[in-house]
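Taking the working numbering, the leading residue of the sequence shown gets 10, the next gets one more, and so forth.
The beta-carbon is built from N, C-alpha and C at its ideal position, and this holds for glycine as well.
Predicted model only: the values in this text are computed from it and were never measured.
First up is the structure itself, then whatever we jot down about it.
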Amino acid sequence: MTDLDGRLRELYAKQQPAAEFSETLLAVSDVVASEPPAPMVEKVFAHWRRSALIKFASAGVALVAVMLLSVGLHERGSLVERNKRVVQEIAMTHTTRLELEYHENDLDVLNEQMAQLSFPLSVPAGIEQNHVLVGSRYCTLAGHLAAQLKFKDVESGEFVSVFVTQADEDLESMSGKSSSVAGLDVAFWEENGLFFAKAQR
């Protein structure tokens with residue numbers, strides 16, 4: 010340090026700030042204390058709030074997705090089980106060869122006799138070829154009141170059961186499907202506002 014530096018230090022150390030300058034510093038200090046956070050701090054807090062909201066929203070969306078997936082799998086499992094039970098019901102009804110209630114080969118007569126049905130009986134396309142109507146009886150199909158029409162294949166002598174009921178929304182999942190159980194072929198379809206199931210070997 011030079012002699013000049015030393016003398017300058019001693020000079021400024023002895024100086025007292027003017028009263029006007031001190032008041033100015035205090036005023037500036039009060040203004041700074043009353044001002045809102047600096048823009049950078051505001052940006053940090055805003056980013057943190059957005060990140061927290063995004064994380065919360067993402068967690069909510071994920072939770073809803075998991076719940077919907079769980080419900081969908083449960084409903085799909087329920088439909089599969091229901092369809093399986095219906096196939097077994099049809100196979101049992103066909104193979105046990107329960108006594109027919111109406112022995113008639115005229116569909117118009119059967120429609121008059123089976124007055125409990127809320128729909129007209131109809132023979133689906135393709136069934137009448139090489140098949141003779143033997144008779145019918147009341148039954149159920151997936152919980153719906155239905156009719157079992159029994160046909161005989163004139164060539165093979167085998168019996169074919171056609172189950173018919175009114176088409177309904179809860180039967181749509183089975184329409185167009187087919188299955189096999191105990192050597193029996195079961196098929197489902199809709200035609201002219203009616204829902205059909207056919208069972209044959």
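Of all the options the options, which has the alpha carbon lying nearest to the alpha carbon of residue i?
i	options	result
F168	A124, N120 and L109	L109
R91	L150, D115 and L154	L150
P133	V143, V95 and L158	L158
R146	M123, G152 and A196	M123
M183	A191, D162 and W198	W198
V96	N201, C148 and V190	V190
D115	L154, G144 and N201	G144
V163	L154, Q138, G152 and G185	Q138
H153	G135, F128, H112 and G185	F128
H112	G185, V141, S165 and I136	V141
C148	E98, K93 and G185	E98
Can you check DSSP and say which residues form a bridge with residue i?
i	result
T174	F204
S187	A196
L107	In the DSSP output, where bridge partners are listed per residue, L107 has none listed.
F168	K161
A155	C148
Q97	Paired residues: none, contrary to the question.
Q209	D194
Report yes if the C-beta distance between residue i and residue j is below 8 Å; otherwise report no.
i	j	result
T107	A156	Looking at the sequence itself, residue 107 is Leu, so the reference to Thr does not match. Contact: no.
L180	S131	no
S187	D177	no
How is the alpha helix (DSSP H) around residue i delimited, first residue to last?
i	result
D117	L116 to Q122
Start and end of the beta strand (DSSP E) containing residue i?
i	result
G144	H140 to L150
Quick one: any contact between the region 199-209 and the region 154-174, if contact means 3 or more CB pairs under 8 Å? Yes, they touch.
Could you tell me whether the region 87-102 touches the region 110-123, where touching means 3 or more Cβ pairs closer than 8 Å? The region 87-102 makes no contact with the region 110-123; the number of CB pairs closer than 8 Å stays below 3.
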